[in-house]
Amino acid sequence: MSANCWINGEPRDGLPGPDHALHHGYGVFETLAVQQGRIVLEDYHLECLAQGCEHLKIPRPAREVLRKELATAAGDENRAVLKLVITLGVHGWDYRRDADSRGTRLISRYPWPDYPARWQEHGIRVRICDTHVSRNPRLAGIKHLSRIEQILARSEWNDADDIQEGLMLDEEGSVIEGTMTNVFAWLSHGVLATPALHHAGVAGVMRRYLMECADRAGIQLRVASMSLAELMQAEEIFVCNSIIGVWPVIAIGHWKYAVGPMTRQFMNWAAQAQ
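Taking my numbering, the leading residue of the sequence shown gets 911, the next gets one more, and so forth.
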């Protein structure tokens, strides 16, 4: 299969223009793992995408159309990454929405990222980013295309051998997420905590899957505002997304953490999904 990009189901070389996605960042996306030709957690991704379209008032493609196009893009790839983007579509040269727009579907296929296995096996080191996540309840939780804050945060360090992820706070100092991950903390009183994302952040697919795993296992889960001080006092910390699964955190600045049994359990659950 020679194509690596599909627009509205047709092999293409790039986006038509002017498109809201390129000009205004108006769109939603999902990043999907392909394993042995199978799309991991596909139903979760499609549900998340549909919710994002509804929030941003973007025409929502039929789920079966997306399934078919994703299957074509996945093909028989042993391991690959698909990026599915839904935009408001082609428009005029201002901020007006075209009431007749049906939106644009873009699927791109990429090689599997070459992350060192030791990051998952032995854990990663994390820094606190200077760039904050803006609070905006209307956009909170949605995986929209405007990722400027995450790009700025990731540009704060260059040595991936020293630091593998950055932790982002909001303007009030609450922990929100990593630059590309969601965050979980196992607290000393036997509670698994993850930041609430009512005002900022992305509610990732792997985050939702792991929360469901915790619920089925009877693990007490707290989804609420989390201060940096509270996170630092956790017994175990891990981050997750749909591509990496779970990475244990072994250091945030000078604070050190062990890769404990709870983190190992969630690593196993993530591996089962993948």
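The beta carbon of each residue, even a glycine, is placed where N, CA and C say it ideally should be.
- Going by C-alpha positions, L992 is about 13 angstroms away from I917.
- Its Cα nearest to that of C1123, the residue Q1175 stands out among A1144, A1070, Q1175 and R1019.
- Each of F1094, R1012 and G1076 was checked against the Cα of A1106, and the nearest Cα belongs to F1094.
- Rounded to whole angstroms, the gap between the alpha carbons of A1181 and N1151 is 12 angstroms.
- With contacts defined as CB atoms closer than 8 angstroms, I996 and R973 fail to qualify as a contacting pair.
- Put simply, the region 934-947 touches the region 973-989. At least three CB pairs are less than 8 angstroms apart.
- In this structure L1062 does not touch Y936 by the C-beta definition: roughly 20 angstroms separates them, more than the 8 angstroms allowed.
- DSSP, reduced to helix, strand and coil, places V1101 outside both helices and strands of the structure shown, so it counts as coil.
- Under the 8 angstroms Cβ criterion, the region 1163-1177 does not count as touching the region 1077-1090, having fewer than three qualifying pairs.
- Pairing D1125 with L1131, the inter-Cα distance amounts to about 7 angstroms.
- Contact fails between the region 1061-1075 and the region 1094-1103, because fewer than three Cβ pairs, one in each stretch, are under 8 angstroms apart.
- Where R1035 is concerned, the enclosing beta strand (DSSP E) starts and stops at I1034 to I1038.
- Inter-segment contact for the region 1017-1034 and the region 1140-1157 is present: three or more beta-carbon pairs are separated by less than 8 angstroms.
- With contacts defined by Cβ atoms closer than 8 angstroms, G1051 and G1013 do not form a contacting pair.
- By the beta-carbon neighbour count (other beta carbons within 10 angstroms, threshold 16), R1019 is buried.
- Spatial neighbours of W1179 in its own chain (CB-CB distance under 7 angstroms, excluding positions within 5 residues in sequence) are listed in chain order as L1120 and C1123.
- Counting only runs of at least 3 residues, the region 953-1016 fully encloses the following beta strand (DSSP E) elements, listed from N- to C-terminal order: 989-997.
- Only exposed fits E1031, as fewer than 16 other CB atoms lie within 10 angstroms of its CB.
- By a beta-carbon distance limit of 8 angstroms, L959 contacts E940. Their separation comes to about 5 angstroms.
- Less than 8 angstroms separates the beta-carbon of H1109 from that of R1045.
- Residue range V1115 to R1126 is occupied by the alpha helix (DSSP H) that includes E1122.
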